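Contents: one structure, followed by commentary.
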DNA sequence: CGGGATGCACTGGGATATCATGGGATAGCC
DNA sequence: GGCTATCCCATGATATCCCAGTGCATCCCG
């Protein structure tokens, strides 16, 4: 289960779009009919996606690693303290697909993406992202430079 | 698992090409049906390839190198920071082969390679590369001189 | 050691299935 | 009723499956 590649998909007049086969194939075999979309916790205008199992696993890790084993019980009871996993859950929506992989992109995500007729889907390994195509282009160019610098920095260490 | 030799393969009218048996044999025995292609992170016009396991192992090493073992949670949540492993994932595609080892080379790779009827496959040990045959010829000539100089330099060090 | 037979690797091409998308029709829901 | 979601069908493009041929390597046998 590793999401790869970047794919531009259409958003039609009815607000539907398609989760491409390359991404559907990465969903768990026993849960191919739905997935989760959630707002990026720290990057405005980006929507993250994952399988339900993948999203739940991330929340689980977050609770354990951020709060410790005993934190889980505390978080279940303590409504006053900040709960990062709860925050993400609130920003998430389960998306049901039609059998052919299409789904209606909820308006709240359309709004933050500011897309009208195309959405860029980007595989990030553990998860995938939805981007405004133009903004992704910029981010991609900037990341390409950072990647080149990263590789150069590795080289100076041992060569 | 070590990819060796350089092999020129045909790219047919339907955009298919063949992963030669010499390379298929280096794929893990339990995952012979697919492999991964990804754009070179710092060399335009070159496409890298590896087994799924080999690619994933590289990403894993990359994450540890870049962030330390405890960075996993942060990288899963932080969409703003540059993530080299995520960058490579986005540039990668899983390629399924037919039983006889043929596959369709995705258009995005055909474009960056600027190939029309032949692709040079070059074994690099841990991974392999796809080159435009002409560009590989140049690279190869230049590497030959560099290798000779490298060997000479070795000699002057202790003789 | 030579000659033939056999099998596999690579290439080509037609037929079929799947993918991605558009659009109509139907069924709820405020 | 107007809006949205769901189901269904249609279509062009692409990918996949299947079969066929050719050449090279290996193997077997005398």
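Residue numbers (the numbering used here), protein chains in the order written: chain W, 36 to 194; chain H, 36 to 194.
Where a beta carbon is used, it is the ideal one built from N, C-alpha and C, also for glycine.
No experiment lies behind these values; they were computed from the predicted model shown.
Residue environment, residue i, which counts as buried when at least 16 other CB atoms sit within 10 Å
i	result
residue 164 of chain H	buried
residue 188 of chain W	exposed
residue 177 of chain H	exposed
residue 119 of chain H	buried
residue 112 of chain H	buried
residue 180 of chain W	exposed
residue 127 of chain H	buried
residue 98 of chain H	buried
residue 174 of chain W	buried
Inter-residue Cα distance where the pair is residue i and residue j
i	j	result
residue 74 of chain H	residue 154 of chain W	22 Å
residue 129 of chain H	residue 107 of chain H	23 Å
residue 194 of chain W	residue 186 of chain W	Residue confidence for residue 194 of chain W is low, a pLDDT of 48 falling below 50, so the modelled location carries little weight; the figure read from the coordinates is stated next. Cα to Cα, the separation comes out at about 12 Å.
residue 144 of chain H	residue 59 of chain W	22 Å
residue 184 of chain H	residue 39 of chain H	23 Å
residue 94 of chain W	residue 105 of chain W	15 Å
residue 52 of chain H	residue 146 of chain H	15 Å
residue 92 of chain W	residue 101 of chain W	14 Å
residue 82 of chain H	residue 170 of chain H	12 Å
residue 139 of chain H	residue 152 of chain H	13 Å
residue 96 of chain W	residue 68 of chain W	24 Å
residue 56 of chain W	residue 109 of chain H	29 Å
residue 48 of chain W	residue 142 of chain W	13 Å
residue 50 of chain W	residue 166 of chain W	16 Å
residue 137 of chain W	residue 41 of chain H	42 Å
residue 72 of chain W	residue 190 of chain H	60 Å
residue 103 of chain H	residue 162 of chain W	20 Å
residue 117 of chain H	residue 135 of chain H	39 Å
residue 150 of chain W	residue 172 of chain W	14 Å
Chain-ordered neighbours of residue i on chain H, where CB pairs are closer than 8 Å
i	result
residue 236 of chain W	Since the first and last residues shown for chain W are 36 and 194, residue 236 of chain W lies out of range.
residue 167 of chain W	In chain order: nothing, as chain H lies at least about 14 Å away.
residue 186 of chain W	76 and 77
residue 88 of chain W	Here the premise fails: no neighbours, minimum Cβ distance about 14 Å.
residue 120 of chain W	Under the 8 Å cutoff, chain H gives no residues; its nearest Cβ is about 10 Å from residue 120 of chain W.
residue 81 of chain W	114
Residue j beta carbon less than 9 Å from that of residue i
i	j	result
residue 86 of chain W	residue 36 of chain W	yes
residue 121 of chain H	residue 160 of chain W	yes
residue 43 of chain W	residue 168 of chain W	yes
residue 80 of chain W	residue 156 of chain W	no
residue 125 of chain H	residue 158 of chain W	yes
residue 70 of chain H	residue 78 of chain H	no
residue 65 of chain H	residue 76 of chain W	no
residue 46 of chain H	residue 182 of chain W	no
Residues that residue i contacts on chain H, provided the C-beta gap is smaller than 7 Å
i	result
residue 157 of chain W	125
Residues that residue i contacts on chain H, provided the C-beta gap is smaller than 9 Å
i	result
residue 91 of chain W	Chain H residues near residue 91 of chain W: none, gap ~13 Å exceeds 9 Å.
7 Å Cβ cut-off: residues of chain W touching residue i
i	result
residue 111 of chain H	93 and 161
Within chain W, the residues that residue i reaches when beta carbons sit closer than 8 Å
i	result
residue 84 of chain H	None at all; the shortest Cβ gap to chain W is about 13 Å.
For this session: Name, going along the chain, the residues of the stretch 123 to 134 of chain H whose beta-carbon falls closer than 7 Å to a beta-carbon of chain W.
Result: 124, 125, 127, 128 and 129
Exercise. Between the stretch 132 to 154 of chain H and chain W, which residues of the former have a C-beta closer than 8 Å to a C-beta of the latter?
Worked result: none
Exercise. The stretch 171 to 183 of chain W: which residues have C-beta closer than 7 Å to a C-beta of chain H, in chain order?
Worked result: 178, 181, 182 and 183
Problem set entry | Interface residues of the stretch 93 to 108 of chain W facing chain H [CB-CB below 9 Å] | 93, 96, 97, 100 and 101
Problem set entry | Proximal residues, the stretch 39 to 68 of chain H versus chain W, C-beta separation under 8 Å | none
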